[in-house]
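>
In full-length UniProt numbering, the protein residues as written are 1 to 107.
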């Protein structure tokens, strides 16, 4: 019975740490760029798109496809950084314990 109480206490502590981590991720912003900085995208640590900045030199209506491609590339860059940030935060919460393959947190 002692083990069960200890396990429940650990689960409760991990849940509190997860909530703290999610709050930190909501408050953190990650920036991705493309086209030598001509397109910049900002995401929250949880991947929510917050801002897109486009250099005015790119705003030629005849070249809209390039701008669209750069926005996608900048978003992908920011998303990779967000995933790395989330993995780093998860390492802190789980105490470095490896998660089973394919398991991603937060759920």
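Here a beta-carbon is modelled for each residue, glycine too, at the ideal position from N, C-alpha and C.
Which residue wins for smallest C-alpha separation from residue 71, given the options 58, 14, 91?
Looking up residue 71 in the chain shown gives position 71. It is 58 whose Cα lies nearest to the Cα of residue 71.
> Over what stretch of residues does the beta strand (DSSP E) that includes residue 44 continue unbroken?
Position 44 of the chain shown, counted from the start, is the residue given in the question as residue 44. Per DSSP, residue 44 belongs to the beta strand (DSSP E) from 39-44.
> Quick one: give me the first and last residue of the alpha helix (DSSP H) that residue 110 is part of.
With the chain covering only 1 through 107, there is no way to say anything about residue 110.
> Going straight from the alpha carbon of residue 67 to that of residue 39, what length do you get?
In the chain shown, residue 67 corresponds to position 67, counting from 1. In the chain shown, residue 39 corresponds to position 39, counting from 1. Going from the Cα of residue 67 to the Cα of residue 39 covers about 8 Å.
> By DSSP, does residue 59 sit in helix, in strand, or in coil?
Within the chain shown, numbered from 1, the residue matching residue 59 stands at position 59. Of the three classes helix, strand and coil, the one that applies to residue 59 here is coil, per DSSP.
> Report the partner residues of residue 32 according to the DSSP bridge assignment.
Counted from its first residue, the chain shown places residue 32 at position 32. In the DSSP output, where bridge partners are listed per residue, residue 32 has 41.
> Which same chain residues, not among the five before or five after residue 17, have their C-beta less than 6 Å away from its C-beta?
Taking the chain shown and counting its residues from 1, the one referred to as residue 17 is at position 17. The residues are 93.
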